[in-house]
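Each remark here refers to the structure printed beneath this line.
Residue numbers (my numbering): 1 to 127.
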């Protein structure tokens with residue numbers, strides 16, 4: 001298997017599918033399709049199958065072919081992939097500055113409740 005930094009970066013649709021797999025654990029195409037239907041009732045089984053096959057080819061998923069129904073799993077753990085994507089974002093959009101990312105997030109994308117939680121965390125008061 002390729003090192004994590006050599007793998008393709010997932011598209012938005014691939015991230016959605018990965019989120020489902022991280023929640024389900026190892027799963028068949030049928031299980032992933034059924035889990036995605038509540039949010040995407042128009043999504044066909046064939047589309048999920050095709051997407052998972054492409055993701056396997058890109059190194060984003062592993063596939064166990066020992067059973068009739070192949071079982072897929074994410075090639076990376078959620079936190080590991082998130083850390084890689086975050087590092088890329090910081091480099092590309094914030095000139096390598098984690099502080100700039102945090103400041104932008106705090107100004108524009110964090111609720112007051114989340115700010116209060118962050119403040120407690122920074123002051124060592126985790127409840």
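Just so you know, even glycine gets a beta-carbon here, dropped at the ideal spot from N, CA and C.
Contact defined as beta carbons within less than 8 angstroms: I believe residue i pairs with residue j. What is the distance between those atoms, to the nearest angstrom?
i: residue 48; j: residue 29; result: 6 angstroms
i: residue 52; j: residue 61; result: 6 angstroms
i: residue 9; j: residue 85; result: 7 angstroms
i: residue 37; j: residue 31; result: So it is not a contact: roughly 11 angstroms between Cβ atoms.
Is DSSP giving residue i helix, strand or coil here?
i: residue 42; result: coil
i: residue 26; result: coil
i: residue 49; result: helix
i: residue 61; result: strand
i: residue 75; result: coil
i: residue 108; result: helix
i: residue 80; result: helix
i: residue 120; result: helix
i: residue 21; result: helix
i: residue 56; result: helix
Using beta carbons (cut-off 7 angstroms, strictly below), is residue i in contact with chain B?
i: residue 72; result: Judged by its chain identifiers, the structure shown contains no chain B, having just a single protein chain.
Give me, in chain order, the residues of the same chain whose beta-carbon lies closer than 7 angstroms to that of residue i; leave out the 5 immediate sequence neighbours on both sides.
i: residue 64; result: 70, 71
i: residue 3; result: Low local confidence applies: a pLDDT of 45 at residue 3 is under 50, so the model's placement there is unreliable, with the coordinate-based value given in what follows. Closer than 7 angstroms at Cβ, skipping near neighbours: no residue.
Could you tell me which of the options sits nearest to residue i, measuring between CA atoms?
i: residue 90; options: 78, 105, 22; result: 105
i: residue 27; options: 73, 68, 14; result: 73
Leaving out the 5 sequence neighbours to the left and right, which residues in its chain are closer than 6 angstroms to residue i when beta-carbon positions are compared?
i: residue 101; result: 90, 94
Go through its chain and collect everything with a Cβ distance to residue i's Cβ below 8 angstroms, but skip five positions before and after it.
i: residue 79; result: none
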